[in-house]
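Residue numbers (the numbering used here): 139 to 274.
Using N, Cα and C, we set each Cβ at its ideal position, and we do this for glycine too.
Working notes for the structure below.
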Amino acid sequence: MNHERDSTVATVRNLYARQAHLIDSGQHDDWAHTFTQDGQFHSPTYGQPAIGYEQLAGISKAFSQAAQKSGERHRHLVDNIWVVECDATSAQVRAYLSIVATKEAGETRILRIVTLDDQLAMTEQGWQVSRRMVTY
139 MNHERDSTVA
149 TVRNLYARQA
159 HLIDSGQHDD
169 WAHTFTQDGQ
179 FHSPTYGQPA
189 IGYEQLAGIS
199 KAFSQAAQKS
209 GERHRHLVDN
219 IWVVECDATS
229 AQVRAYLSIV
239 ATKEAGETRI
249 LRIVTLDDQL
259 AMTEQGWQVS
269 RRMVTY
């Protein structure tokens, strides 16, 4: 049993849970700061990559605005988090992400299920995403 790796895996899982709660509750700047300063977010949903805190916060705002416009609450459900490789300064992580929409008095529906392929970096703030690739 590798306690150091187990600790890293637990910390990484917490990062993904934190990201989901931050973006879903509209804490745009805090969500953006779970990425490195030059962090990249590549997703077919948004077209061009978002790079850096300002553009990352913009992605979070766009997510919230889309939910508001449709009269729904959108939530990120991150599952099957796999720390593929890791050392003291970097990690490669894969996970599945489901985004669900719920109307206040209505049914819940799945908007999309995607794969996250992330590169993480250990920084003074702890683990942060340096590059996220979202694929369908």
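Buried or exposed for residue i, please, with buried defined as at least 16 other CB atoms from any protein chain shown within 10 angstroms of its CB.
i: Gln-275; result: Residue 275 lies beyond the stretch modelled for the chain, which goes from 139 to 274, so this question has no answer here.
i: Leu-215; result: exposed
i: Gln-157; result: buried
i: Arg-270; result: buried
i: Asp-162; result: buried
i: Ile-251; result: exposed
Does DSSP put residue i in a helix, in a strand, or in coil?
i: Asp-225; result: coil
i: Glu-210; result: strand
i: Gly-244; result: coil
i: His-171; result: coil
i: Ser-268; result: strand
i: Gly-196; result: helix
What number of angstroms, rounded off, separates the C-alpha of residue i from the C-alpha of residue j?
i: Ala-239; j: Val-222; result: 30 Å
i: Ser-145; j: Thr-172; result: 19 Å
i: Asn-140; j: Asn-218; result: 20 Å
Would the beta-carbon of residue i fall within 8 Å of that of residue j?
i: Ala-233; j: Leu-254; result: yes
i: Val-272; j: His-166; result: no
i: Ala-204; j: Tyr-191; result: no
Give a yes or no on whether 8 Å exceeds the smallest Cβ distance from residue i to chain B.
i: Gln-206; result: You won't find chain B in this structure, because it holds only one protein chain.
Quick one: what's got a C-beta closer than 7 Å to residue i's C-beta in the same chain, skipping five residues either side?
i: Pro-187; result: Gln-178, Phe-179, His-180
i: Thr-261; result: Thr-174
i: Ala-209; result: The question names Ala, but residue 209 is Gly in the sequence shown. So the qualifying residues of the chain are Lys-241.
With a CB to CB cut of under 6 Å and the five nearest residues on each side skipped, what residues in its chain are close to residue i?
i: Gly-164; result: Ser-202
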